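Here the structure is laid out as structure tokens; the discussion comes afterwards.
Next comes the structure, spelled out in structure tokens:
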């Protein structure tokens, strides 16, 4: 790992933006301009065109939630195993949310944060690659903190305030989140096995039967684990492996 990444913590510098279209787009722009280093983060009080997984939008109320993008220099992780970074970031978000919300917190594959059967947060990682060299990853995180009224089209959202009854300081919690993520990233850099095990230990619906949909077919299967490559492994009459985007959860 480059020297600056080995000594610089994720969250060493958090820049607060009052309003931005997308923190990920902003951070990626800073990377391309040579104005971002490992660990730099951007926190938005308002995001007008947030991005979610697979082209979806991320809707969030102004100044009520964590909307944060972190620049990471993943030089010890092969590009072919980039899901390991996703695992580490998800674990950092999980650790943070569990600290306040308790043991019913889980990671729903691939990298959503759930409390019971309700979505508390999501992660979108975008990469900057040049000549097959994985230069930077930008990890965008949206975590529901103080919001209590959500858009009708959102499925089962939940926030820390709804769970705990408390109102939180968004900036201070963003600093705490970065500390949790930095810890998990350092653990990943030291070895991958612990990260894979920790991720599967808190996997949403693990060892439970669920209904999944592939194209037009709905079927029941048991969640077993997620592989290092990011495939969801299930079992019914046979073992199945799904890539991100292959399935729809029928919760």
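Numbering (my numbering), first residue to last: 864 to 1114. Each residue gets a CB set at the ideal place from its N, CA and C atoms; glycine is no exception. Predicted model, so just to flag it, every value in this text is computed and none were measured.
- [ ] Have a look at 894, 947 and 1108 and flag the residue whose alpha-carbon is nearest the alpha-carbon of residue 1056.
- [x] Of the listed residues, the one whose Cα sits closest to residue 1056 is 947.
Task: Euclidean distance between Cα positions of residue 883 and residue 889 - done: The alpha-carbon separation between residue 883 and residue 889 amounts to approximately 8 Å.
Task: Burial state of residue 1113, where buried means 16 or more other Cβ atoms lie within 10 Å - done: Exposed: under 16 other Cβ atoms inside 10 Å.
TODO: Kindly indicate the opening and closing residues of the beta strand (DSSP E) around residue 1089.
DONE: Taken as a continuous stretch (DSSP letters only), the beta strand (DSSP E) holding residue 1089 covers 1080 to 1089.
TODO: Within the stretch 1046 to 1080, note down every full beta strand (DSSP E) run reaching 3 residues or more, in order along the chain.
DONE: Counting only runs of 3 or more, we get 1072 to 1077.
Open item on the list: Which same chain residues end up closer than 6 Å to residue 951 when comparing Cβ atoms and leaving out the 5 residues on each side of it in sequence?
Closed with: The beta carbon of residue 951 sits closer than 6 Å to the beta carbons of 1047, 1048, 1051 and 1058 from its chain, once the five residues preceding and following it are set aside; these are given in chain order.
Task: Straight-line gap, residue 1002 to residue 989 (C-alpha atoms, nearest Å) - done: Approximately 7 Å, taken between the alpha carbons.
Task: Contact the stretch 971 to 990 vs the stretch 897 to 905: 3+ CB pairs below 8 Å - done: Too few Cβ pairs lie closer than 8 Å, so no.
- [ ] Could you check how far apart the C-beta atoms of residue 906 and residue 931 are, in whole angstroms? I think they sit under 8 Å.
- [x] With a contact defined as Cβ atoms closer than 8 Å, residue 906 and residue 931 qualify at about 5 Å.
TODO: Use the C-beta contact count for residue 966: other C-beta atoms within 10 angstroms, 16 or more gives buried, fewer gives exposed.
DONE: Its Cβ having fewer than 16 others within 10 Å, residue 966 is exposed.
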